[in-house]
Amino acid sequence: MAMRHRIKLDSDVYTEAKKRIRHIIATFDNVLVAFSGGKDSWATLNLVQEVYDELGITDKVKVFFRDEEVISDSVVSFVQGIYESGKFDFRYYAIPLVSQKFVLGKTEKYVQWDRNRKWLRQPPEYAIRIPDNEYREFDQYTTDAFVCKNEKGRVAIVNGIRADESLVRLQSCVNKRNENYICGTKEPRIKNCKPIYDWNEQDIFLYFYKKGLKYCDIYDAETLNSMELRVSTPFHAESAKHFDKIRTLYPTYYQQLVDLFPEFILQARYWKEFKGGSKDTVYEKYEHSFRGIYRYIDDNLQGVERELAIKRVKTVETSRRNAGDGKNLGAYPVRYVFEQVVNGAFKRNILPKSKPSSLDFEFEGLEAPV
Numbered sequence: 005m006a007m008r009h010r011i012k013l014d015s016d017v018y019t020e021a022k023k024r025i026r027h028i029i030a031t032f033d034n035v036l037v038a039f040s041g042g043k044d045s046w047a048t049l050n051l052v053q054e055v056y057d058e059l060g061i062t063d064k065v066k067v068f069f070r071d072e073e074v075i076s077d078s079v080v081s082f083v084q085g086i087y088e089s090g091k092f093d094f095r096y097y098a099i100p101l102v103s104q105k106f107v108l109g110k111t112e113k114y115v116q117w118d119r120n121r122k123w124l125r126q127p128p129e130y131a132i133r134i135p136d137n138e139y140r141e142f143d144q145y146t147t148d149a150f151v152c153k154n155e156k157g158r159v160a161i162v163n164g165i166r167a168d169e170s171l172v173r174l175q176s177c178v179n180k181r182n183e184n185y186i187c188g189t190k191e192p193r194i195k196n197c198k199p200i201y202d203w204n205e206q207d208i209f210l211y212f213y214k215k216g217l218k219y220c221d222i223y224d225a226e227t228l229n230s231m232e233l234r235v236s237t238p239f240h241a242e243s244a245k246h247f248d249k250i251r252t253l254y255p256t257y258y259q260q261l262v263d264l265f266p267e268f269i270l271q272a273r274y275w276k277e278f279k280g281g282s283k284d285t286v287y288e289k290y291e292h293s294f295r296g297i298y299r300y301i302d303d304n305l306q307g308v309e310r311e312l313a314i315k316r317v318k319t320v321e322t323s324r325r326n327a328g329d330g331k332n333l334g335a336y337p338v339r340y341v342f343e344q345v346v347n348g349a350f351k352r353n354i355l356p357k358s359k360p361s362s363l364d365f366e367f368e369g370l371e372a373p374v
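Count along the sequence shown starting at 1, add 4, and that's the number in my numbering.
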């Protein structure tokens, strides 16, 4: 079998990203930039604009933004400022989008811009919305199709996804030898393109510094508050674990959120306690085995989150079975896997645990090796 070798290129990520964007422009009939207000998509949008200028393309760069309703005012203001600058062919969407909220180990569905409840705020007048007589709920895939419905031919959705944020994203790029930054979607004519997949966070901020670009000020606030740098909704599993910090960062925003979703008062108040010990009470309700984990998933997760959790657990269960118990419980102790599921840490592959603790062995009724 042919061996694959890593070759160091005499280039840099900035140069390579622009090469990829040129290739995307030459390959597709229409190019749209998916903008979230975040640092990565903001860098990507500006890179695309640079390439347009270098190629002499006078058309405005097409951009779309999906307003997730429960994002912070600082992100909304930043995005709306870019829209109102008139620099881009900017489409601002505020459509019913199915999402998930994570509260004390449970994941439940909710719908952004749900017409059956009060909204956090009103969308701007220029937002593209769904008329009441055509109301329907979207997911990520149907949203992409909706956004691209008036674009003819092959469409590239250019996003700011970086591989260093996820081993899964990295693997999806390195496994594909040609055009490894271009991925398919459920719509054959629409492709997701990741021209900055090999950038890291330092590259992003260095780019802003060199180009004199201002970014959303939420990142400065998050840095001062020792939080991960995110602009996503505060209801995602990773963001919800720091929900209590929103109260100090944005007290008005916090109050608006808990007025709409009062269960997040419990998340803010009890997550640290839940993480520190109350999970043990959760574990005791279920069999100390992979069967117990599946039962927990059935009782507490719904929809896409449930399917993904089952998929992740099946993967590690197979790995554990093939490796056997041994001194490290096949690198996937049941208690450890259970904890990842309860914490909502299964969006990406569950990583192995090389050194199980005595609690891991005790949980399975086994004696820890000396």
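Idealized CB from N, CA, C, for every residue including glycine. In this text the structure is predicted, and so the values were computed from the model without any measurement.
Three-state class that DSSP yields for residue i in the structure shown
| i | result |
| --- | --- |
| glutamine 104 | strand |
| phenylalanine 32 | coil |
| arginine 121 | coil |
| aspartate 63 | coil |
| arginine 310 | helix |
| valine 235 | coil |
| alanine 160 | strand |
| tyrosine 290 | coil |
| glutamine 142 | The displayed chain sequence assigns phenylalanine, not glutamine, to residue 142. Note: phenylalanine 142 maps to strand in three-state DSSP. |
| phenylalanine 247 | helix |
| valine 178 | Note that valine 178 scores a pLDDT of 45, beneath 50, so its modelled location is shaky; the value from the coordinates is reported in the next line. Three-state result, valine 178: helix. |
| isoleucine 132 | strand |
| alanine 38 | strand |
| lysine 214 | helix |
Alpha-carbon to alpha-carbon, residue j and residue i
| i | j | result |
| --- | --- | --- |
| glutamate 183 | asparagine 120 | 43 Å |
| aspartate 224 | serine 78 | 11 Å |
| glutamate 54 | valine 262 | 42 Å |
| lysine 245 | leucine 233 | 14 Å |
| glutamate 72 | serine 236 | 8 Å |
| histidine 27 | valine 67 | 18 Å |
| aspartate 33 | aspartate 63 | 13 Å |
| arginine 273 | lysine 315 | 31 Å |
| glutamine 206 | asparagine 326 | 39 Å |
| proline 373 | glutamine 260 | 52 Å |
| aspartate 168 | asparagine 204 | 6 Å |
| glutamate 368 | lysine 289 | 14 Å |
| alanine 313 | lysine 105 | 15 Å |
| arginine 133 | tyrosine 287 | 44 Å |
Proximity below 8 Å, CB of residue i to CB of residue j
| i | j | result |
| --- | --- | --- |
| alanine 98 | alanine 131 | yes |
| proline 199 | valine 151 | no |
| threonine 147 | arginine 70 | yes |
| arginine 193 | glycine 216 | no |
| glutamate 185 | cysteine 197 | The sequence given here places tyrosine at residue 185; glutamate does not occur at that position. A contact, by the Cβ cut-off of 8 Å. |
| isoleucine 29 | valine 35 | yes |
Counterpart residues of residue i in DSSP-defined beta bridges
| i | result |
| --- | --- |
| glutamate 112 | Lys105 |
| glycine 188 | Lys195 |
| arginine 95 | Phe68 |
Test: residue i CB closer than 8 Å to a CB of chain C
| i | result |
| --- | --- |
| alanine 47 | No chain C is present in this structure, which holds just one protein chain. |
(Q) Counting beta carbon pairs with one atom in the region 106 to 114 and one in the region 298 to 317, are three or more of them shorter than 8 Å? (A) yes
Q) Are there three or more Cβ pairs, one per stretch, closer than 8 Å when the region 340 to 347 is compared with the region 293 to 302? A) yes
Q | Cβ contact check for the region 34 to 42 and the region 78 to 93: 3 or more pairs under 8 Å | A | yes
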